[in-house]
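S.K.:
Number of protein chains: 2
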Amino acid sequence: MRHFGDDLASAVKRTGTPVLVGLDPRWEQLPVSLSSGNSDDRSVRAAVYEKFCREVIDVVAPLVPAVKPQAAFFEECGPAGMTALAKTIAYARQKGLLVILDGKRNDIGSTAEAYARGFLGRDGQSAWEADALTVSPYLGADSLQPFIDVASERGAGLFVLVKTSNPGSHMLQDQQLSEGTVYRRVADYVEKQSQLTSGQRGYGIVGAVVGATYPAQIAELRTAMPQTWLLVPGFGSQGGTAEGVAPAFDHRGLGAIINNSRGIIFAHKRPEFSERFGESRWQEAVETATLEMIAQLRAETLAGKLS
Amino acid sequence: MRHFGDDLASAVKRTGTPVLVGLDPRWEQLPVSLSSGNSDDRSVRAAVYEKFCREVIDVVAPLVPAVKPQAAFFEECGPAGMTALAKTIAYARQKGLLVILDGKRNDIGSTAEAYARGFLGRDGQSAWEADALTVSPYLGADSLQPFIDVASERGAGLFVLVKTSNPGSHMLQDQQLSEGTVYRRVADYVEKQSQLTSGQRGYGIVGAVVGATYPAQIAELRTAMPQTWLLVPGFGSQGGTAEGVAPAFDHRGLGAIINNSRGIIFAHKRPEFSERFGESRWQEAVETATLEMIAQLRAETLAGKLS
Chain A
13 MRHFGDDLAS AVKRTGTPVL VGLDPRWEQL PVSLSSGNSD DRSVRAAVYE
63 KFCREVIDVV APLVPAVKPQ AAFFEECGPA GMTALAKTIA YARQKGLLVI
113 LDGKRNDIGS TAEAYARGFL GRDGQSAWEA DALTVSPYLG ADSLQPFIDV
163 ASERGAGLFV LVKTSNPGSH MLQDQQLSEG TVYRRVADYV EKQSQLTSGQ
213 RGYGIVGAVV GATYPAQIAE LRTAMPQTWL LVPGFGSQGG TAEGVAPAFD
263 HRGLGAIINN SRGIIFAHKR PEFSERFGES RWQEAVETAT LEMIAQLRAE
313 TLAGKLS
Chain B
13 MRHFGDDLAS AVKRTGTPVL VGLDPRWEQL PVSLSSGNSD DRSVRAAVYE
63 KFCREVIDVV APLVPAVKPQ AAFFEECGPA GMTALAKTIA YARQKGLLVI
113 LDGKRNDIGS TAEAYARGFL GRDGQSAWEA DALTVSPYLG ADSLQPFIDV
163 ASERGAGLFV LVKTSNPGSH MLQDQQLSEG TVYRRVADYV EKQSQLTSGQ
213 RGYGIVGAVV GATYPAQIAE LRTAMPQTWL LVPGFGSQGG TAEGVAPAFD
263 HRGLGAIINN SRGIIFAHKR PEFSERFGES RWQEAVETAT LEMIAQLRAE
313 TLAGKLS
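One line per chain: the protein sequences are A and B, in this order.
Residue numbers for the first sequence follow the working numbering, so the first one is 13 and each next one is one higher.
Residue numbers for the second sequence follow the working numbering, so the first one is 13 and each next one is one higher.
1) Since Val28 of chain B and Tyr215 of chain B are thought to touch, with beta carbons under 8 Å apart, how far apart are those beta carbons, to the nearest angstrom?
2) Can you name, in chain order, every residue of its own chain whose Cβ lies under 8 Å from the Cβ of Ser319 of chain B, other than the five neighbours on each side?
3) Is it the case that the Cβ atoms of Asp143 of chain A and Ala163 of chain A are separated by a distance below 7 Å?
4) Tell me the DSSP secondary structure of Asp262 of chain A in three-state form.
5) Would you tell me roughly how many angstroms separate the C-alpha atoms of Gln106 of chain B and Ile217 of chain B, rounded to the nearest one?
6) Grab me the residues of Met13 of chain A's own chain with a C-beta within less than 8 Å of its C-beta, minus the 5 sequence neighbours each way, in chain order.
7) Taking Thr95 of chain B as part of the alpha helix (DSSP H), name the residues at either end of that continuous run.
8) Under a Cβ-count criterion, where at least 16 other Cβ atoms within 10 Å of its own Cβ denotes burial, should Gly251 of chain A be classed as buried or exposed?
9) Are the C-beta of Arg54 of chain A and some C-beta of chain B separated by less than 7 Å?
10) Where does Leu233 of chain A fall in DSSP's three states?
11) Can you list, in chain order, the stretches of the alpha helix (DSSP H) that have 4 or more residues and sit fully within the region 102 to 159 of chain A?
12) How long is the line joining the alpha carbons of Asp154 of chain B and Gly121 of chain B, rounded to whole angstroms?
13) Measuring alpha carbon to alpha carbon, tell me which residue in B:Ser206, B:Thr100, B:Arg274 is nearest Leu109 of chain B.
14) Classify Glu191 of chain A as buried or exposed, calling it buried when 16 or more other Cβ atoms lie within 10 Å of its own Cβ.
15) Along chain B, which residues have their Cβ under 8 Å away from the Cβ of Asn178 of chain A?
16) State the start and end residues of the unbroken beta strand (DSSP E) segment that holds Phe171 of chain B.
17) So with CB distances below 8 Å, who are the chain B contacts of Gln207 of chain A?
18) DSSP three-state call for Asp193 of chain B: helix, strand or coil?
19) What does a CB cutoff of less than 6 Å around Ser273 of chain B pick up in its chain, not counting 5 residues either side in sequence?
20) Count the other C-beta atoms from every protein chain shown that fall within 10 angstroms of the C-beta of Ala96 of chain A, then say buried if there are 16 or more, exposed otherwise.
21) Among B:Arg54, B:Tyr103, B:Pro74, which one has its Cα closest to the Cα of Phe86 of chain B?
22) So Lys116 of chain A packs on Val147 of chain A, CB below 8 Å; how close in whole Å?
23) As an exercise, report each continuous alpha helix (DSSP H) stretch of at least 4 residues that is fully enclosed by the region 267 to 319 of chain A, in chain order.
24) Can you round the beta-carbon distance between Arg234 of chain A and Asp262 of chain A to whole angstroms, since I take them to be within the 8 Å contact cut?
25) Using a C-beta cutoff of 7 Å, does Gly108 of chain B count as contacting chain A?
26) Hey, could you find the ends of the beta strand (DSSP E) Val76 of chain B is sitting in?
27) Skipping 5 residues on each side, what residues in its chain have a beta carbon closer than 8 Å to that of Cys89 of chain B?
28) Whose C-beta lies closer than 6 Å to the C-beta of Gly211 of chain B among residues of the same chain, with five residues either side of it excluded?
29) Give the residues of chain A in contact with Phe85 of chain B, contact being defined as C-beta atoms less than 8 Å apart.
30) Could you pull out every residue in the same chain whose Cβ sits closer than 7 Å to the Cβ of Val202 of chain A, ignoring the five residues on either side in sequence?
31) At what residues does the alpha helix (DSSP H) containing Leu46 of chain B begin and finish?
32) Here's the rule: buried if 16 or more other CB atoms are within 10 angstroms of the residue's CB, otherwise exposed. What is Glu284 of chain A?
33) Any idea if Leu208 of chain B is buried or exposed, counting beta-carbon neighbours within 10 angstroms, 16 or more meaning buried?
34) Along chain A, in chain order, which residues have C-beta atoms closer than 8 Å to that of His15 of chain B?
35) Can the beta-carbon of Ala268 of chain B be found less than 7 Å from the beta-carbon of Leu242 of chain B?
36) Between the region 159 to 187 of chain A and chain B, which residues of the former have a C-beta closer than 8 Å to a C-beta of the latter?
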C-alpha cells in the first residue's frame, strides 16, 4: 500500500533535494519559439502548454522529486486545456515524478468527495491521477474530511492552505482568536490529521502550505506541526530565500518541499540567464536554475548533510 | 455594458422567483433510465451528465432565473466531464438562464486572474462562459481582487463564501476576532466591493454565499450587506426552509437567490414524488418540485408581493 508521506520522503531522499518545480504555463512568458503561433486559439494554447510542460519535465525529472502543475492556467484554455493537464500529469508520473496538483479545491460532503475521487489516486482510480492536491480550509473540518478519507484509501496526499505567501494572507489567516491566530488553528487541525495518518517515516498524508515569504511563521509552524509535510511556495520571484525557508526543515533535515515556478520554468527571462542562454536554449536555463536552487538549499536539508 | 447585479435582479423580476436550481449530477441518484449504461466509463458518465442536465434545463428554464452547475461532478469525469460542463453551461445560457458556476476557485495574483479569465465572460471572452463563479476567501483580499477586476471588465459576477451551510463552518467562519466573527470580516469586505461595483439597481457584482441553515446569521448578514446579492444554499435536503431564508431578502423583497439542488433535480427520489411520478416521469417530478419551491418562497419575495 502506497503512503504519500512516505513516498515524498523517499523521493526527496532519492533525489537529494526538496525542490518542487511549479508548472505554471503563462502564455506571455513562454519561449518565443513555442508561443509564436495563434495565441487566441485556446486549443493551440493548450497544446503548447502541454509541449512546454513536457520539455520542462524532461529537464527536471532526473533532478527533483516532484512537480506542481497549476490547474488555473490549463482551465483557462477550456476543455482542451484540461486534456493537456491530464497528459502533463501522466507524463510527469511516467518520468518518475510525484505530482502535486495545485487546484486549491474545497467543498462539502459528497461534493468534496467528488473532487477527491476525481483528482487523487493512480492506476485508473481517478481521472487526473495526481499524487496530491492542494485544498482550501475556509469551509471547515467537515469539508476536509472527505478529501482525507479518499486520499487515505488511495495512498494519495493533500496540502491544506495554512499561511500563504501573499501579503493579503493577513486579512484572515493572521487574525487573532482567543487561543492564537486563524492560521494556527488550521495548523493544529492539520497536524492532528497528519498524526492520524502517519506512515513509516513519521509523516502524515495531510501537508500544509506555508509561504516562503514569512520565515518567522515558518519556524512557528514547523514546531507546531512536527509530523506534517510543509509545501513552501514563494521562493525566488516572490522573495523567499534559502535562508528564509531553512526553518521549514525538521531535525532530520526533511519535512518540507520548496516550490519554485517562474524562477525555474521561465529562467530564460531572468537577467542572469537571458544573455547566457537566450530564448532558444531555454531548456538549459531551466536546468541551470534548477541546479542553482538545489545548491542553494543543499545546506538546509538532510540530503545536503548526507551528500 | 452588462452588469451582473442588474442582470440578476432583472432575471428574478422577470421570472418572479429567486429559485436557483443546482445542477449536481450525482451518478448514484440519476434516474435509472439514464444511468443503466456502463457506469465505470468516465466518458459515458460525462455524456449522461450532460444529457441529464439538458433535460433538467428544459424543464426549469421557463420557471427560474438561473442555474448553478457544480464543477466537482463534471471534473470527476476527467476531460470528457469538462467538455460536458462547457456544453451544459452553453445550453443553459442558450435557454435564457444565468449560469453561476460553483467552483469555489481561489488563488493569488495572475493565477487568480487565469481562473477568472477562464470562467467568466460571454461571447467568446472565456472558455467556460459562466455569468458568475463562486470563490473562496481564505487567501485574502489580494486573492479576490483579480477575480473582481476581470468580472467587472466582462459584466460578470462572483459569490464569495461568507458563512456556509455545513456544521463545520464553525471551525473558522464563526471564530471571534476583536471586532466580530471571521465571517463578518469577510462580509464587510464583500459589501465594500459590492458598493464599489454597484449597478443601476443598487447591487454590486460581488455576492456572498450564506447558508440557509443559519437563519440568525442570514438576518445579521442581510443587514451588514445591504447592496450585496446573497446566494443561499442548503434549502431542502440540508434543512433550510422558506421561513428560515426569509431574512435573506431585503426591503424590496429582492437581493437573494435560494439554491436547491437535490430537492429539485432528484425530486423523483423524494417520498412524496416517487410514487406519484416514478422514475420514468422524473422530469415531471423536477417540474413539480420547482413549482412547489417557487410557491413556498413566494410570500418572501418582491415577486410574491407583485404577483
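For each residue, glycine too, the CB sits at the ideal point set by N, CA and C.
No experiment lies behind these values; they were computed from the predicted model shown.
M.R.: Concretely, from the data shown:
1) The sequence given here places Gly at residue 28 of chain B; Val does not occur at that position. Tyr215 of chain B and Gly28 of chain B do not touch by the CB rule: their CB atoms are close to 18 Å apart, not below 8 Å.
2) The predicted position of Ser319 of chain B is uncertain, since its pLDDT is 42 and thus under 50; a value taken from the coordinates is nonetheless stated next. In chain order, Gly28, Arg310 place their CB closer than 8 Å to the CB of Ser319 of chain B, counting only its own chain and leaving out the 5 sequence neighbours on each side.
3) Annotated as distal: Asp143 of chain A and Ala163 of chain A, with beta-carbon spacing of 7 Å or more.
4) Looking at Asp262 of chain A - three-state DSSP - the assignment turns out to be coil, as it is neither helix nor strand.
5) Roughly 22 Å between the two C-alpha positions.
6) Contacts found: Gly167.
7) According to the DSSP assignment, Thr95 of chain B belongs to the alpha helix (DSSP H) that extends over 91 to 106.
8) Around the beta-carbon of Gly251 of chain A, fewer than 16 other beta-carbon atoms lie within 10 Å, marking it exposed.
9) Nearest CB-CB separation between Arg54 of chain A and chain B: below the 7 Å threshold.
10) Per DSSP, reduced to three states, the secondary structure at Leu233 of chain A is helical.
11) Runs of the alpha helix (DSSP H) lying entirely within the region 102 to 159 of chain A, each at least 4 residues long, are 121 to 131 in chain order.
12) Near 7 Å, if we compare the C-alpha coordinates of Gly121 of chain B and Asp154 of chain B.
13) It is B:Thr100.
14) Exposed is the call here.
15) Those within 8 Å of Asn178 of chain A in chain B are Ile120, Gly121, Leu151, Gly152, Asp154, Ser155.
16) That run of the beta strand (DSSP E) goes 169 to 175.
17) What Gln207 of chain A touches in chain B: nothing, since even the nearest Cβ is about 18 Å away.
18) First, the amino acid is wrong: residue 193 of chain B is Thr here, not Asp. Here Thr193 of chain B sits in strand by DSSP.
19) Result list for Ser273 of chain B: Gly34, Asp36, in chain order.
20) Ala96 of chain A comes out buried.
21) Checked all of B:Arg54, B:Tyr103, B:Pro74; the closest Cα to Phe86 of chain B is B:Arg54.
22) Their Cβ separation, rounded to whole angstroms, is 7 Å, which keeps Lys116 of chain A and Val147 of chain A in contact under 8 Å.
23) DSSP runs (the alpha helix (DSSP H)) wholly in the region 267 to 319 of chain A: 274 to 277, 283 to 289, 294 to 310, 314 to 318.
24) Sure, about 7 Å apart at Cβ, within 8 Å.
25) So no, Gly108 of chain B is outside the interface.
26) Counting along the chain, Val76 of chain B sits inside no beta strand (DSSP E), nor does DSSP assign it H or E at all.
27) Counting only Cβ-Cβ distances below 8 Å, and skipping sequence neighbours, we find Arg54, Ser55, Arg57, Ala58, Tyr61, Ala96.
28) In the same chain as Gly211 of chain B, and ignoring 5 residues on each side of it, the C-beta atoms closer than 6 Å to its own belong to His15, Gly17, Asp18, in chain order.
29) Those within 8 Å of Phe85 of chain B in chain A are Thr123, Ala126.
30) Val172, Val174, Val218, Ala220, Met237, Thr240.
31) Looking at the DSSP string, the run of the alpha helix (DSSP H) that includes Leu46 of chain B is 44 to 47.
32) Exposed, because fewer than 16 other Cβ atoms sit within 10 Å of the Cβ of Glu284 of chain A.
33) Leu208 of chain B should be labelled exposed.
34) Within 8 Å Cβ-Cβ: nothing; His15 of chain B doesn't reach chain A, min ~24 Å.
35) Between Ala268 of chain B and Leu242 of chain B, the C-beta spacing is below 7 Å.
36) Residues Leu173, Thr176, Ser177, Asn178, Pro179, Gly180, Ser181, His182, Met183, Leu184, Gln185, Gln187.
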